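Student: This is the structure I want to talk about, given as structure tokens.
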Amino acid sequence: MSKPKVLVTRADIPQKAFTMLEEKCEVDVWKMPSPIPRDELLKRIPGKDALYCLLTEKIDKEVLDAAGPSLKVISTMSVGYDHLSMDEIKKRNIMVGFTPGVLTDATAELTVTLLLATTRRLFEAHSELLNGGWAKCAWSPLWMTGQGLKGSTVGIFGMGRIGQGVVQRLQGFSVHKFIYSGHSSKKEGEELGAEFVSFDELLQQSDFLLVTCALNKETQGIFDEAAFAKMKNTAIFNTFQGDKRKEKFCFCIIWYFIMFW
Numbered sequence: 001m002s003k004p005k006v007l008v009t010r011a012d013i014p015q016k017a018f019t020m021l022e023e024k025c026e027v028d029v030w031k032m033p034s035p036i037p038r039d040e041l042l043k044r045i046p047g048k049d050a051l052y053c054l055l056t057e058k059i060d061k062e063v064l065d066a067a068g069p070s071l072k073v074i075s076t077m078s079v080g081y082d083h084l085s086m087d088e089i090k091k092r093n094i095m096v097g098f099t100p101g102v103l104t105d106a107t108a109e110l111t112v113t114l115l116l117a118t119t120r121r122l123f124e125a126h127s128e129l130l131n132g133g134w135a136k137c138a139w140s141p142l143w144m145t146g147q148g149l150k151g152s153t154v155g156i157f158g159m160g161r162i163g164q165g166v167v168q169r170l171q172g173f174s175v176h177k178f179i180y181s182g183h184s185s186k187k188e189g190e191e192l193g194a195e196f197v198s199f200d201e202l203l204q205q206s207d208f209l210l211v212t213c214a215l216n217k218e219t220q221g222i223f224d225e226a227a228f229a230k231m232k233n234t235a236i237f238n239t240f241q242g243d244k245r246k247e248k249f250c251f252c253i254i255w256y257f258i259m260f261w
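Heads up: the sequence shown runs through residues 1 to 261, numbered per the numbering used here.
What follows is the structure in structure tokens.
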């Protein structure tokens, strides 16, 4: 009996994955650390039983048509699957695998890291250290003091795995109150001592607003000019999953800080 044929679109994946695949499958690998070119993907996909891809590959109707009826499984080494045309995949009854929990801890830790670095002005201080600003400050008592977490209200938009991970990691910083917003209140939020509020209340009350929701049609563009106008002018906004359609979102942030910071 012949082995299933698998196309792997990158060579820089864990060796353990290759070992497991090669034990059971006939593996065709794009042997470069860079993403597989579109024309190469279309050339190699016909006749394959499975596809192992990353976010860098757009798996749409063109690719699926090129693959033909032999393709039964698509696995993406990612949490998100925006690059997969799910409607087309469902039509063909192709199974999809992804890695929903693999980045939870890393993202929660990075979110807290960015929050601490921003509130304590670490990036600004580092820049001043490099350009001589440290010597010029004359030990001013308010220079680079920043804004502490103690006694603050931390808002979370999206109390999923990452949002919960962030709250867990901030428990030791003497935060006054955790609030969150989303579709509905969550048992996990209550267990962490977080209060469910409306989106407007989240904007108005948060000293630190952390966005940990998924990027989808409902959340795309939700933080617009009107949303920023409702926030405290001292609030710090941190973390967001963005894409190339976020030009207006970025403009709103820049406009807000120029006008009010």
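Each residue gets a CB set at the ideal place from its N, CA and C atoms; glycine is no exception.
No experiment lies behind these values; they were computed from the predicted model shown.
1) Below 8 Å between beta carbons: does that hold for G47 and K5?
2) In this structure, does DSSP put G97 in helix, strand or coil?
3) Please identify the residue among T107, L21, C25 and I59 whose C-alpha is closest to the C-alpha of D39.
4) When we look at the beta-carbon of Q268 and count the other beta-carbons within 10 Å, is it buried (16 or more) or exposed?
5) Residue range of the beta strand (DSSP E) that F157 falls in?
6) Would you check if the region 148-160 and the region 206-216 touch, i.e. whether three or more CB-CB distances between them fall below 8 Å?
7) Assess, as a yes-or-no matter, whether the region 84-101 is touched by the region 115-129 under the definition of 3 or more beta carbon pairs within less than 8 Å.
8) Does the contact criterion of 3 or more C-beta pairs under 8 Å hold for the region 122-130 versus the region 96-111?
9) Between which two residues does the beta strand (DSSP E) carrying A194 extend?
10) For the candidate residues I45, E22 and T9, whose alpha-carbon lies nearest to that of K31?
11) Alpha carbons only, please: which of I222, F223, N131 and D105 is nearest the one belonging to G160?
12) Beta carbon of D49, beta carbon of V73: below 8 Å?
Tutor: Looking at the atomic coordinates:
1) Yes, these two residues count as a Cβ contact at 8 Å.
2) Taken through DSSP and simplified to helix, strand or coil, G97 comes out as strand.
3) Residue I59 holds the alpha-carbon nearest to the alpha-carbon of D39 among T107, L21, C25 and I59.
4) Absent from the model: residue 268. The displayed extent of the chain is 1 to 261, so no value can be given.
5) Looking at the DSSP string, the run of the beta strand (DSSP E) that includes F157 is T153 to F157.
6) Contact between the region 206-216 and the region 148-160 is present, because at least three Cβ pairs lie under 8 Å.
7) By the criterion of at least three beta-carbon pairs nearer than 8 Å, the region 115-129 is not in contact with the region 84-101.
8) Put simply, the region 122-130 does not touch the region 96-111. Fewer than three CB pairs are less than 8 Å apart.
9) Where A194 is concerned, the enclosing beta strand (DSSP E) starts and stops at A194 to F196.
10) Cα-wise, what sits closest to K31 is T9.
11) Comparing Cα positions, the closest option is D105.
12) In this structure, V73 lies closer than 8 Å to D49 by Cβ.
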